[in-house]
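Each residue of the sequence shown is one higher than the last, beginning at 72 in our numbering.
Every residue gets a Cβ at the ideal spot worked out from N, C-alpha and C, and that includes glycine.
All remarks here apply to the structure that follows.
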Amino acid sequence: MPDATRIDAELPQTQCTRCGYPACRPYAEAIAEGTAPINRCPPGGAATIAALARLLNAPVLPLDPECGVEAPRQIAWIDEAICIGCTKCILACPVDAIVGAAKRMHTVIAEDCTGCELCIAPCPVDCIELHPDPRPDTLALPAGQRPESAEFRARYEAHQRREAARQAEQQAKIARKRRELLLSTASQTLSEAIARAKARRRGED
């Protein structure tokens, strides 16, 4: 059985989660473990299913309709006149293809968008649409042969590293605040104890 890395190399790296896994790599790992079939990737389509079947020496299966349908990739577009700058789409994007700041207009970087569609549902004002991808249609190619797949994977891995660093920094900040609170509480408790002791001495005098 080929390892997950070889299987992952055959996937389109859209990170769309339509396969039922949080990203392409976990799906590849599940295939390698024999716990997931090879036909759960709509963005990869029939060509990718066939490539996986060859790699695994397995029968070709039709795309599982529960995961979606095979179609040319579309990319997200934000109606900037409606966007309220909530940042929900920025947080949802697995490849950091959306730029903007809180209460500022957001924009999709078209050449970086994988067409995963994960930004659409979180938008509270429905200002995100899907437009045809201006890049050449590569749907007929197995995902591993599509020129954009390697770039999508690299951007996702970079996003994961940044997210891990952000979470580590957030946890460190929480830990610092907790220590400061404990020190402040201990200092206040000590000051109150000293004040009580002084009050008792004055009462004894």
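Comparing alpha-carbon positions, the option among Ala181, Pro203 and Ile109 lying closest to Leu126 turns out to be Ile109. Sequence-distant Cβ neighbours of Lys269 in its own chain, meaning closer than 8 Å and more than five residues away, do not exist here. The alpha-carbon of Lys248 is positioned some 10 Å away from that of Gln242. Following the DSSP letters along the chain, one finds Pro108 in no alpha helix (DSSP H), marked with neither H nor E. The DSSP assignment places complete beta strand (DSSP E) segments of no fewer than 3 residues inside the stretch 104-186 at 145-149, in order along the chain. Straight through space, the alpha carbons of Cys154 and Lys174 are spaced by roughly 9 Å. Shown here, Leu212 sits in coil according to DSSP, grouped into three states, outside any helix or strand.
Classified as buried, His177 has 16 or more neighbouring CB atoms from the shown chains inside 10 Å of its CB. Straight across, the Cα-Cα distance linking Cys112 with Cys138 is about 7 Å.
Short of 7 Å from the beta carbon of Val131, and not among the five residues preceding or following it, lie these beta carbons of its own chain, in chain order: Ile120, Ala121 and Ala124.
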